[in-house]
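The numbering used here puts the sequence shown at residues 5 to 151.
Glycine is no exception: its CB is placed at the ideal position from the N, C-alpha and C atoms.
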Amino acid sequence: MTQQQITLVQNSWGLVSTIDQVTVGSIFYTRLFETMPEVRPMFIRSSIPEQSKKLMTMLSYVITRLDRLDNIIEEVRKMARRHTHYGVQDHHYDAVGNALLFTLQKGLGNEWNPDLSEAWTSIYQALANAMMTAQHDGQEPAQEKRA
Ligand code: HEM
Numbered sequence: 005m006t007q008q009q010i011t012l013v014q015n016s017w018g019l020v021s022t023i024d025q026v027t028v029g030s031i032f033y034t035r036l037f038e039t040m041p042e043v044r045p046m047f048i049r050s051s052i053p054e055q056s057k058k059l060m061t062m063l064s065y066v067i068t069r070l071d072r073l074d075n076i077i078e079e080v081r082k083m084a085r086r087h088t089h090y091g092v093q094d095h096h097y098d099a100v101g102n103a104l105l106f107t108l109q110k111g112l113g114n115e116w117n118p119d120l121s122e123a124w125t126s127i128y129q130a131l132a133n134a135m136m137t138a139q140h141d142g143q144e145p146a147q148e149k150r151a
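Okay, structure coming up:
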């Protein structure tokens with residue numbers, strides 16, 4: 005991800021943030037559950053509006069700190085470990101990324117363009133890779149040796 009992509013994403017996120025969070029979340033989750041219905045039962049702990057707010061808050065947190073990702077890697081690791089408990093696996097990340105891009109495209113309307121699409125893809129991929137790596141690192145060995 006380049007500095008130019010970070011700036012593009014931060015500016016476009018500023019626009020998305022002016023849209024009602026629950027509306028944005030509802031586009032995102034509707035799309036996600038349409039494309040990957042098997043993840044629907046994982047979302048049982050909170051209502052979709054609550055979940056949407058949490059997701060938007062976390063995305064805002066990450067996006068405002070993209071140029072200093074190293075500083076928030078510990079937060080990302082903790083979040084990734086919680087995702088292991090939710091039952092999230094590597095193959096789920098692409099569908100979530102696609103639902104996010106779909107939501108941004110809908111939310112940004114005429115502002116959406118190929119450069120933005122590429123910038124968001126690159127940044128989501130960096131975040132998803134960091135989360136997947138942390139999930140793998142946090143996995144218990146299959147059999148623990150007894151001392
Ligand atoms: C970069 C990618 C992602 C980000 C930034 C993200 C962010 C979040 C946040 C902020 C929460 C709120 C609770 C918490 O912090 O633990 C959450 C919960 C959750 N996420 Fe993610 N997530 C990502 C990827 C995924 C993927 C790939 C899945 C797979 C379907 C997923 C499934 C869930 C589930 C099941 C919950 C709990 C829902 C509930 O409370 O019922 N997330 N996510």
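Asked	Found
Could you pull the start and end residues of the alpha helix (DSSP H) that methionine 62 belongs to?	52 to 68
Of all the options Val43, Arg49, Lys57 and Asp71, which has the alpha carbon lying nearest to the alpha carbon of glutamine 14?	Asp71
Drop a sphere of 10 angstroms on the beta-carbon of threonine 107, count the other beta-carbons inside from all chains shown, and report buried for 16 or more, exposed for fewer.	buried
I'd like to know if the segment 118 to 138 and the segment 91 to 109 are in contact, where contact means that at least 3 CB-CB pairs between them fall below 8 Å.	yes
Does the distance between the C-beta of isoleucine 127 and the nearest non-hydrogen atom of ligand 1 fall short of 6 Å?	no
Thinking just about the alpha-carbon of each residue, which of Trp124, Pro118 and Val100 is nearest to the one in isoleucine 31?	Val100
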